[in-house]
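Residue numbers (the numbering used here): 6 to 208.
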């Protein structure tokens with residue numbers, strides 16, 4: 006339904022971001038990276054930019070929530086598909102993937118179905134962004150809070166702590182308040198002292 010809605014109401018958009026609700030997006034890194042890619046290829050089409058899984062092992066353990074029998078999925082390795090945590094589509098892909106979904110048989114592993122089977126039927130090109138993702142929560146939090154690693158992260162996974170997500174988002178805003186004063190509203194939050202300590206490092 007989302008692909009259909011986007012193809013109807015957002016048909017002119019250049020990029021589409023799909024993101025889970027437990028992912029922190031460093032929007033400034035995201036925008037800067039897309040601008041950089043646009044300089045390399047101003048007419049980028051039929052592309053998904055993502056953390057690309059290649060040769061992911063099919064789960065055969067019947068106790069796993071991701072269990073697949075040989076009857077359901079004969080292959081032992083998945084064809085390439087994207088982590089569903091966050092990925093970016095070029096604007097033209099919404100309509101193409103929606104149309105492809107009308108004839109590609111549904112498969113319940115949704116990340117593979119959408120970004121693998123359907124995307125492949127729509128002749129997608131993958132661009133690997135894996136180095137810009139940090140999946141383990143503790144590592145994501147540490148890297149976002151580090152001035153040295155901060156600008157190398159686009160997406161961080163925080164499945165267990167809304168407080169960590171808020172802390173990291175505040176860190177992102179602090180880092181940009183001098184660079185984009187017209188776009189970043191700097192409010193009087195009850196900032197944690199550890200955040201303010203390193204403010205100059207990322208300004």
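For every residue, glycine included, the Cβ atom is placed at its ideal position computed from N, Cα and C.
Mind checking whether residue i and residue j have CB atoms under 8 Å apart?
i	j	result
residue 126	residue 8	no
residue 158	residue 34	yes
residue 121	residue 86	yes
residue 51	residue 128	yes
residue 36	residue 94	no
residue 89	residue 66	no
Assign residue i to buried or exposed, taking buried as 16 or more other Cβ atoms, counted over all protein chains shown, within 10 Å of its Cβ.
i	result
residue 147	exposed
residue 149	buried
residue 177	buried
residue 75	exposed
residue 69	exposed
residue 48	exposed
residue 130	exposed
residue 137	buried
Excluding the 5 residues flanking residue i on each side, which residues of the same chain have their C-beta closer than 6 Å to its C-beta?
i	result
residue 91	24, 28, 160
residue 84	121
residue 81	63
residue 12	99, 100, 103
Spatial neighbours of residue i within its chain, please: CB distance less than 8 Å, with the 5 preceding and 5 following residues excluded, ordered by chain position.
i	result
residue 15	21, 96, 99
residue 164	27, 142
From the DSSP output, which residues share a beta bridge with residue i?
i	result
residue 29	161
residue 91	24
residue 53	94, 131
residue 138	160
residue 120	Looking at the DSSP assignment, residue 120 forms no beta bridge with any residue, so it has no partner.
Please work out which residues of its chain come closer than 7 Å, Cβ to Cβ, to residue i, disregarding the five sequence neighbours upstream and downstream, and give them in chain order.
i	result
residue 39	20
residue 201	In this predicted model, residue 201 has a pLDDT of only 41, less than 50, meaning its place in the structure is not dependable; the value taken from the coordinates is given anyway. Nothing listed; no residue qualifies.
With distance defined between alpha-carbon atoms, name the residue in the options nearest to residue i.
i	options	result
residue 10	104, 93, 76, 144	104
residue 112	67, 124, 139, 77	77
residue 132	140, 119, 162, 57	57
residue 139	6, 18, 30, 109	30
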